[in-house]
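Numbering (my numbering), first residue to last: 133 to 596. Data first, discussion second: the structure below is written as structure tokens.
So this is what it looks like as structure tokens:
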């Protein structure tokens, strides 16, 4: 009996030591490690998203108001071309996202055939509205997850083309944190849950991080670091360096989106100190290297080529690609330059030449051509509005007050002329049956030199 009692005592002692060791180890775990352990043991997802301290996304202000780059008449002519005059059937999220970031959520039009900002927002955030456009045979754009609302992306029908592109565009459009999000199984969600899911899913090594960089920067600043759903600690230094990693041609639209996102992070850092001094310096050096390439790659007519990362070789041995890709490169470069300080600009004459080329190119196209290639032409509208220190809906509202809407003769929607079964991205090929371009002369009414805008505050909440 004594022997059995001794064995039991020894067993209990071992268990007590084990429990004590476990308790000591548990206390030593960080909150993130404790969540990870609980998730492994119970199978339940444990995720504590970072606190979002604002109700509206930040806005990165342009730094110039330069009518030499684009006059009022020229800007109006371009914005008329890039209005979201979409067919309601099989309405591609990618087109709506691009239109929304250019026109913003408060956009309104006298033309009843053009989608308003709220209509575009609802197509992306209301499953019922998406269902009306796509029907029940296409998978929902929004998916319910334990950690939030996930946006389906990729090359399937009805999906967003790029990871976190929906979030970035909604953020740039000024959609607030408490905006209702109605997914199939969660009719009372909000944009906050979409942001939290994006943070949970983010992988620093995924192919495209440009859109995540934008979305996180506009919502999380001044926070510098957070933890994703894989329990990996992340910060804006890592995300900025990710934009600079590898050859400049990597990334969407010939690498230009990485440049825009990096410039945005630098501007946010100027205001909120989200980058280390070392990474800030690295980013400025990288952006200066892009500027130096633009110095030597502009063609005589003013455009920058799609293969701009090749440097001078882009002029000597141009790649064989479709001409519309030059629109992508030129428009996107003008866009990031509008929020960049002057020291990162090529000579102003080059900016004027690029703007002149892109304005003529855009205004010479038919509505059919523009809408069939809407994604990259939308960047032209946004870029030129930025160069006049305005937003497309603000300018357009003032313009329509003195130039009332008249019924157009070229009312063709992008979905009516493209293959609805084939998803497209920023670099989609123009429709083969596009009508020939008719040149349009746009009057230049101002020769006023470049006017700097008061740079403080650099980043402010959007207007109420």
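Here a beta-carbon is modelled for each residue, glycine too, at the ideal position from N, C-alpha and C. Given the structure is predicted, the values throughout are model-derived calculations rather than measurements.
Inter-segment contact for the region 193-202 and the region 509-522 is present: three or more beta-carbon pairs are separated by less than 8 Å. A Cβ-Cβ distance of about 15 Å is found for the pair residue 347 and residue 237, leaving them out of contact under the 8 Å criterion. Taking C-beta atoms under 8 Å as the contact rule, residue 343 and residue 352 fail to qualify, at a distance of about 14 Å.
Take the alpha-carbon of residue 229 and the one of residue 208: they are about 21 Å apart. Secondary structure in the region 306-341: the beta strand (DSSP E) runs of 3 residues or longer, each lying completely within the stretch, are 312-315 and 318-322 in chain order. In this chain, the alpha helix (DSSP H) harbouring residue 426 covers 409-429. Within a 10 Å sphere around the beta-carbon of residue 264 sit fewer than 16 other beta-carbons, which makes this residue exposed.
Secondary structure at residue 352: helix, using DSSP grouped into helix, strand and coil. If you look at residue 280, you'll find it isn't in any alpha helix (DSSP H); it sits in the beta strand (DSSP E) that goes 280-283.
Contact between the region 237-254 and the region 277-288 is not established, with fewer than three Cβ pairs separated by less than 8 Å. Under DSSP, no beta-bridge partner is assigned to residue 444. In the three-state reduction of the DSSP assignment, residue 192 falls in the strand class. Within the same chain, Cβ atoms closer than 7 Å to the Cβ of residue 404 are found at 353 and 354, the five residues on either side in sequence being excluded. Relative to the Cα of residue 504, the nearest Cα in the group 332, 452, 259 and 215 belongs to 215. Here the region 438-447 makes no contact with the region 482-491; the two share fewer than three CB pairs at distances below 8 Å.
With respect to the 9 Å criterion, residue 242 and residue 527 are not classified as neighbours on the basis of their beta carbons. Apart from sequence neighbours up to five positions away, the residues of its chain that approach residue 330 with a beta-carbon distance below 7 Å are 296, 299, 344 and 347, ordered along the chain.
222 is the residue among 407, 446 and 222 whose C-alpha sits nearest the C-alpha of residue 269. Burial is judged here by how many other beta carbons sit within 10 angstroms of a residue's own beta carbon; residue 213 has at least 16 and is buried.
Taking residue 315 as the centre and dropping the five residues before and after it, the same chain places the C-beta of 259, 272, 274, 275, 276, 281 and 321 closer than 8 Å to its C-beta, in chain order. Between residue 210 and residue 459, the C-beta gap is not smaller than 9 Å, which leaves the two residues out of contact.
When C-alpha distances from residue 188 are compared across 218, 283, 311 and 245, the shortest belongs to 311.
Considering only 434, 423 and 456, the residue with the shortest C-alpha distance to residue 507 is 456.
DSSP places residue 526 in the helix class (H, G or I) of the three-state scheme. Under the 10 Å beta carbon count, residue 365 is surrounded by fewer than 16 other beta carbons and is classified as exposed. Its Cα nearest to that of residue 388, the residue 418 stands out among 225, 402 and 418.
CA-to-CA, the gap between residue 218 and residue 408 works out to about 44 Å.
Boundaries of the beta strand (DSSP E) harbouring residue 358: 357-359, taken from the DSSP string. With respect to the C-alpha of residue 493, the residue from 509, 231 and 467 having the closest C-alpha is 509. One alpha carbon belongs to residue 224, the other to residue 292, and they sit about 8 Å apart. Comparing C-alpha distances from residue 465 to each of 434, 333, 453 and 324 shows the shortest one belongs to 434. Non-local C-beta neighbours of residue 427 in its own chain, meaning closer than 8 Å and more than five positions away in sequence, comprise 478, 479 and 482, ordered along the chain. By the CB criterion at 9 Å, residue 380 and residue 411 fall outside the cutoff.
Residue 253 has its alpha-carbon roughly 11 Å from the corresponding atom of residue 239.
Taking a 10 Å sphere around the C-beta of residue 199, we find 16 or more other C-beta atoms and assign the residue as buried. Residue 424 sits exposed, since fewer than 16 C-beta atoms from the chains shown fall within 10 Å of its C-beta.
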